[in-house]
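Undergrad: The structure is given below, and queries will be raised subsequently.
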Amino acid sequence: MNARNRSTDLDLSRWTRRRLRLVGGALGVGLLAGVLGTLLGTALLTDPSVARTKTFALGALCLGLGLLGWSGSVFAGPGIENMHRHLDSGSDWSETDSRRAMARLGGFGAGVMAGVVLAAQVI
């Protein structure tokens with residue numbers, strides 16, 4: 001293996017770790033929120049089916065908004081960055097930051113949905 005391939009492997013490994021930490025952290029928080037939301041909803045609504053359905057729907061909403069926002073950032077991001085630059089708005093909004101935020105939101109939503117499934121096994 002030559003030095004160039006080794007460098008590419010290290011870059012890919014670093015890239016993968018960063019992405020896993022970004023989405024995985026949000027997924028973990030969402031998992032906890034899904035379990036707690038289902039348990040709290042069951043305690044307040046007294047019907048586990050309704051609590052599971054509502055909590056799962058909120059998680060799906062977060063996942064959908066994250067996915068839609070991420071694709072919108074990819075599609076319109078460069079144009080919005082150029083508009084801010086052209087208007088000299090002083091905004092530090094960037095496509096990269098927007099994609100990162102949307103990936104976190106999507107990971108959180110997926111975690112909530114998984115947390116509901118786990119909590120449903122306990123209840």
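Residue 87 in this note's numbering is what sits at position 87 of the sequence shown, and the numbering runs on without skipping anything. Ideal Cβ positions, reconstructed from N, Cα and C, are used throughout, including at glycine.
Looking at the secondary structure, which residues open and close the alpha helix (DSSP H) in which W70 lies?
TA: Start and end: 48 to 87.
Undergrad: Mind reading off the beta-carbon distance from G79 to S98? Whole number of angstroms is fine, and I expect it under 8 Å.
TA: Not really, about 12 Å apart at Cβ, beyond 8 Å.
Undergrad: Indicate whether the contact test is met: 3 or more Cβ pairs, each with one atom in the segment 45 to 59 and one in the segment 81 to 96, closer than 8 Å.
TA: Contact between the segment 45 to 59 and the segment 81 to 96 is absent, because fewer than three Cβ pairs lie under 8 Å.
Undergrad: Let me check understanding here. Comparing Cα to Cα, which of R18, R104, R14 lies closest to L68?
TA: When only C-alpha atoms are compared, the closest one is R104.
Undergrad: Three or more C-beta pairs closer than 8 Å, one from the segment 101 to 117 and one from the segment 27 to 35: is that the case here?
TA: In short, these stretches touch, since the Cβ pair count reaches three.
Undergrad: Confirm, please, whether the CB-CB distance from L58 to G106 is below 8 Å.
TA: It is not a contact, given that the beta carbons lie outside the stated cut-off.
Undergrad: So, with DSSP's three-state summary, where would you put W93?
TA: In this structure, W93 counts as coil in the three-state DSSP scheme.
Undergrad: For the putative contact between G109 and A60, defined by C-beta atoms under 8 Å, what is the C-beta separation to the nearest angstrom?
TA: Right, the Cβ-Cβ distance comes to about 7 Å (below 8 Å), so this counts as a contact.
Undergrad: Are the CB atoms of G66 and T55 within a distance shorter than 8 Å?
TA: No, these two residues do not count as a Cβ contact at 8 Å.
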